[in-house]
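Notes to accompany the following structure.
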Amino acid sequence: MKDHTRQAKKFSIQFTVGTMFLCATLLTASVAIGLQYYFSKQMSEENVLAKLTSASSDIGSYLELVDKNATNSVQILKSVAESTTHTFAEAEIRNIFTLILEDNPLFYSLYVGRDNDDFYQIINLESSQIVREKIEADLNDRWVVINISGSEEQRIRTTNYLTKDFKLTKKITEVSNYFPTQRPWYLGPKHQQVFKTEPYLFQHLKITGQTYSIRTQSKVIGVDIVHSAMKEKMMPAQLGLSPDSGTESFVFNDKGEVIASNVELYHEVRIPSPKPLVLSDSEKAEIEAVGSLMVSNQNDWGPYDYAQSGEPKGYAIDLLNLLSQMTGVELEFVNGFDSVTLSQMYRQGDIDLLHSVPETKAVKGVKSATLFSGQLALASNPDKPVYSSLSDLSQESIAVVGGYGMKSWLLKRAPTLNLTEVASLDEAKQGLVTKRYDYIIDTFHTLSELNELSNTEQAKVSKLSGIEMLLFHLYMKREHRSVVDILDKALLAITPLQRTALQEKWLDSNQWRGTFLPYPELFSASRNPSLHNSMAKIDIEGQQYFIYVTPLLSEQNHNEFYAVVLPENIIYEQVWPKLMTSIGLTVLIMMVLLPLAWKFSAPIVVPIKALRTETKKIKARDYDAVSLVNTRIKEVSELSESIASMGAALKQHEKQQEDFVESFIKLIAQAIDDKSPYTAGHCNRVPELGMMLAKAAEECQEGNFKQFKFENDDERREFRIAAWLHDCGKITTPEHVVDKGTKLEANYNRIHEIRMRFEVLWRDAEIEYLNSQLASTKDKNTALAELKRYKQTLQEEFEFIARSNVGGEFMGQKEAERIEQIARKTWQRNFDDRLGLSPFEDLNKPQEEVVLPTTEPLLSDKPEHIQKRIRPVEFDEKLGIKVDVPEHQYNLGEIYNLSISRGTLTAEDRFKINEHMISGIKMLEALPFPKELSRVPRYASTHHETLKGTGYPRRLSAEDLSIPERVLVIADIFEALTAADRPYKKAKPVSVAIDILYKMALDEHVDMDLFLLFLESGVYLDYAQAFLPQSQIDDVDINQYFSKQRVA
């Protein structure tokens, strides 16, 4: 019976041993890499956690240090003031204050306000960079001393700028309406206690901060701290992360209200700038006479009028700022008080303008036209019924914000309502949560913000029907009626576009406005002590993030927290490169060990091969010659001993071994599709040169560059990134087009085809000569002379074609005609040129059949040389692209390509290369750049533009191109001229490159002033010494270019 059992595939011992060795090595490496990955992730998390713990401790220590030093300082000053009857002179006060400020660099200022409204303040200019910028002090200034005294219209503010030696550098005297007795820091402190204000807007500096103050006898002493110092400690750099890492940090209270954050509000809608209002001379005089107006700013009436960390925000605030810009009326916002207090301050004359007030008799004064309107709404706890009419609420307890006349406005329309006035919306919210009140009445948009993180339950908000829209106005005292008339005039001039922008920014937007935490998970974690000081992973809009929350425990801050939100990839960004490196090294080692695996099998393979030799002897029946194999392997030795007795079976076995044992040597080659070799070098060098020239332009204080300067490091970074990305579109450019070093080159240099045709003509000539001799039709000498002349002609014509192919010289009409003349030579084609074509090539061939043999021209432009476009080329109008698009995608015609007048590129090739700019624009415009990088697409896509509008892709002109864009043009061109890694040209010496740049400047291709700065600053030489070989750096007489410009 036959054995039909299918035999399993067999492998050689060498292959088996080698494979087992590789598998064992691979398994060991995989386990090691897996463990490395796991522990690297753990270490990365622990490292970030340690940094976060350190950062939170730093912020907590900072707050504690501020609290402690500020408290001690004002207490010491109070003690000094009360312990002596000596009256301190101003110079003595100045010296004491400056000593304290020098010992406490975090203090913004020290001051004293008296009951008679005299005010003395010393500002520390080194407390924060923003202080010097806001107060417009010079670099050599150290202190600013402010004295305010006088009453009402005679109240004068004197500002003295002093050096560290108290030498006066500048003095400003102006009218002031600042009264210290009206400020929160003056009203807050009791006699023996240090008072710390909530964040508010500093009147002189116009930035937010907090004050520590204490009362002593007839005066109050205060210390100011600006919040910018805290924000600096929250930047990603404090965690060792890059600014663009996406890391968000927050300091917030137990209500979820943000005190400080490193998150910029990039989403804000930009409100169109207003046009100045045309005012009469009397109106201008009235505005000048009134000076700056003190304007109310509520704490929490969002989204219309509220303060975020002391900074005025809201619909009404932006609207008033528009009116100020249109009329020239100066506004100074007063915040830190509830609405009732603000109303009292208005009645007492401490505030000039009370705004966002409904029409009511409760507020006296001149009423303006309508600022804005709001739909009334009702807020209640979830267990309360929802009403839509005021008439249904007569039996309910209702809270309204007092001070602005809302209660009287409602009672006029529904007298039976049970209304209770509260000082602020926050008080109303707490009353709703504690069920002290059943409902709150306010505008719909205001009540919609009740469902923030500080509420344990979600309030129900519903619009009230059957009642008119609530119209809001501003009120001023009757003596300011003319000012109100001017503001009304400005209100009428507000454009619909500006109204729409205000609506979108404050009423329609669901974006984060910086008031409360944007992530509920952070607030929840702050309420769960078990989650403090640890990292937790959350999902935000489909993206994985880590959060970290910790309480800030200092003497004054028991209810504040520090939180950080980090993208997951930031924590693990160091893990993946290491993992990939480990995998790469493992693969490399495996490839190195592959031959060794074969060597390791030698102790087994060599005896087996010896046994195979013995089997050959057995096959030859030379049994006496069979010898035992010398081996230490027991099994092989036993096998050798049994060979003699196996006989014919061993001969068959030997046959199987010969068939089975083959060489298993594999050569593994990885195909690398490298882009053009110059691309990487070019993209590395252009940013370097661009930054060098931009720095020179910044340092230049003459001519067109006097006003040029990057505002900050973000702008420099924006320019640097644009320089790096300026050729990113070349990733889409076909390799053979980018590297086209000759005219006939396609995917290969077709000059070899042309040369072969010349070879054919050469041999045809020899054949014709030999045939003439065989037939005796020509004299041998004559025929030989003709052959030599013809061959010489062929040599000359091919050399001409070959030179033309290189594209090194200008191709004139005469040379083009010669190419066409040479092209008319013919040769015989005997083979079908349709055979072996790809489907794409076959589609391009003409359909008619050609009878063979056929006569072909030496050079030709055939239909199959034309590659038509598969789809039309269209550009989005918003990209502003203005380029001429060739009819065809490619034209490989031989005459057409050889006749290129300059270089090696056809119009189609040039468009394909230039298309990288269009691809770059599309890619960059599709990226969501943050505000500080918004000009990257523009900078990166204009380096092929010219000053006269002949560049591409937008054909911009000089007035369209900024200095950074012009810098990139020169950097791109100079690098290309001097680069040594171009396949189609040789690197030019520095002098030649400079001369070419000068000619391009004369032709308005590059900026002449920037070119001369390029020379004068020595940037060209610094770049050459850093990046070019010494052989390329020759002497450049830069004076000749300046001389030529002076003559011109």
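Under our numbering, the letters of the sequence shown match residues 1 to 1048, in that order.
All C-beta atoms in this analysis are idealised placements derived from N, C-alpha and C, irrespective of residue type, glycine included.
Judged by DSSP in its simplified three-state form, proline 496 adopts helix. The Cβ-Cβ distance between alanine 971 and alanine 979 does not fall below 9 Å. Serine 804 counts as buried, since no fewer than 16 other beta carbons sit within 10 angstroms of its beta carbon. Inclusion of serine 424 and aspartate 300 in the CB contact set at 9 Å is warranted, their separation being smaller than that value.
In this structure the stretch 365 to 375 does not touch the stretch 409 to 417; the number of beta carbon pairs closer than 8 Å is below three.
Per DSSP, reduced to three states, the secondary structure at histidine 445 is helical. Taking a 10 Å sphere around the C-beta of leucine 65, we find fewer than 16 other C-beta atoms and assign the residue as exposed. In the three-state reduction of the DSSP assignment, glutamine 121 falls in the strand class. By alpha-carbon distance to aspartate 305, the top candidate from Ser356, Leu774, Arg824, Val433 is Ser356. Residues Val990, Ser991, Ile994 of the same chain have their beta carbon placed closer than 7 Å to that of valine 1036, with the five preceding and five following residues left out of the count. In this structure, leucine 474 places its C-beta atom within 9 Å of the C-beta atom of lysine 367.
Excluding residues up to 5 positions away in sequence, Gly949 lie with their Cβ nearer than 6 Å to the Cβ of serine 957 in the same chain.
Note on glycine 951: 16 or more other CB atoms within 10 angstroms of its CB, so buried under the neighbour-count rule.
In the three-state DSSP reduction, valine 363 falls in the coil class, being neither helix nor strand. The shortest CA-to-CA distance from serine 149 to any of Phe119, Asn140, Thr163, Phe800 is the one to Phe119. Ile441 is the residue among Thr28, Asp764, Ile441 whose C-alpha sits nearest the C-alpha of leucine 410. In its chain, beyond the 5 residues on either side, Asp1009 have a beta carbon closer than 7 Å to the beta carbon of glycine 703. Under DSSP, arginine 829 forms a beta bridge with Thr854. With contacts defined as CB atoms closer than 9 Å, glycine 222 and tyrosine 186 qualify as a contacting pair. Assignment of histidine 355 by DSSP, reduced to helix, strand and coil, places it in the strand class. At a Cβ-Cβ threshold of 9 Å, leucine 858 and lysine 825 count as neighbours. Closest by C-alpha distance to leucine 507, out of Val269, Leu26, Thr942, is Val269. The stretch 66 to 77 makes contact with the stretch 101 to 115, as at least three CB pairs between them are under 8 Å. Boundaries of the beta strand (DSSP E) around phenylalanine 252: 248 to 253.
Per DSSP, the unbroken beta strand (DSSP E) holding threonine 173 starts and ends at 168 to 175.
In the DSSP assignment, the residues bridged to tryptophan 301 are Asp305. Residue state for glutamate 809 is assigned as coil, using DSSP reduced to three classes. Residues Val990, Ala1024 of the same chain have their beta carbon placed closer than 6 Å to that of isoleucine 1033, with the five preceding and five following residues left out of the count.
Distance from glycine 431 to tyrosine 439 at the Cβ level is roughly 10 Å; contact not present, criterion being Cβ atoms closer than 8 Å.
With contacts defined as CB atoms closer than 9 Å, glycine 365 and tyrosine 346 qualify as a contacting pair.
Beta-bridge partners assigned by DSSP to glycine 113: Phe119, Val220. Less than 9 Å separates the beta-carbon of glycine 246 from that of isoleucine 570. Of all alpha-carbon atoms in Gly349, Ile130, Ser343, the one lying nearest the alpha-carbon of lysine 361 is that of Ser343.
Around the CB of isoleucine 801, 16 or more other CB atoms lie within 10 Å, so the residue is classed as buried.
Rounded to whole angstroms, the separation of the alpha carbons of serine 962 and phenylalanine 708 is 10 Å.
Boundaries of the alpha helix (DSSP H) harbouring tyrosine 939: 936 to 940, taken from the DSSP string.
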